[in-house]
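Start counting the sequence shown at 206; every next residue gets the next number (the numbering used here).
For every residue, glycine included, the Cβ atom is placed at its ideal position computed from N, Cα and C.
Everything on this sheet refers to the single structure shown next.
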Amino acid sequence: MDVQGFHHVAIQARDIERVTGFYRDLLGFPELTRHLRPDGSLRSIWVGVPGGGFLAIEAAGGEPVPTPFRHEAPGLLLLAFRIPKAARSEVVAAFASVGVPLEHETRWTVYVRDPEGNRVALSHHPED
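Here it is in C-alpha cells:
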C-alpha cells in the first residue's frame, strides 16, 4: 500500500449547521463546500482541518447517543487536533466564553464535546 497521509474523517450529525458552526466559527476551520441531495436539501458540509484533510459533517436523522467520557464501546472515540502550548489558555477561554464546558483536562490536552456530543480534544502533546 502507498498510504500518503490523512484525507478526511466523516461524522454524522442531526443538526449539521449547528455542528458545522462549532468547527467553523469556534475552532476556526474554513468551510470548504456544501453538498445537496437531489431534492435540494443539505446532505453534508465539509470544513478544512489545519495541516491537511477535512472533516465531513454528514446529515443523519437519528438522535445523538450520549456516552460517558470514558466508555468501553468500540468505534470513534474522539477527534484530536493540535494546538501550540502557548494557545492553551486562549482555547480554554474561548470555550468558556460561548458556554462550552471542559469535559476533561490533562497537562497536555483539553477535552470538550461538540453540539451533538462528539468528543473533541485540543492537544499540545508532547510539548510541556
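Run through DSSP, which three-state label would residue i get?
i           : result
residue 305 : coil
residue 237 : strand
residue 262 : strand
residue 275 : coil
residue 284 : strand
Checking 8 Å against the spacing of the C-beta atoms, do residue i and residue j come in under that value?
i           : j           : result
residue 331 : residue 223 : no
residue 260 : residue 324 : no
residue 314 : residue 326 : yes
residue 218 : residue 288 : no
residue 258 : residue 329 : no
residue 254 : residue 234 : yes
residue 310 : residue 318 : no
residue 322 : residue 279 : no
Note the first and the last residue of the continuous beta strand (DSSP E) segment covering residue i.
i           : result
residue 226 : Segment 221-226 is the alpha helix (DSSP H) holding residue 226; no beta strand (DSSP E) there.
residue 291 : Run containing residue 291: none; DSSP gives neither H nor E here.
residue 209 : Residue 209 -> no beta strand (DSSP E), and no H or E assigned at all.
residue 249 : 247-253
residue 325 : 324-328
residue 318 : 314-318
Three or more beta-carbon pairs under 8 Å between the region 288-303 and the region 235-242, yes or no?
no
Tell me, please, whether the region 221-239 touches the region 250-259 by the rule of three or more beta-carbon pairs shorter than 8 Å.
yes
Segment contact flag, the region 301-309 with the region 254-267, C-beta cutoff 8 Å, min 3 pairs
Short answer: they don't touch.
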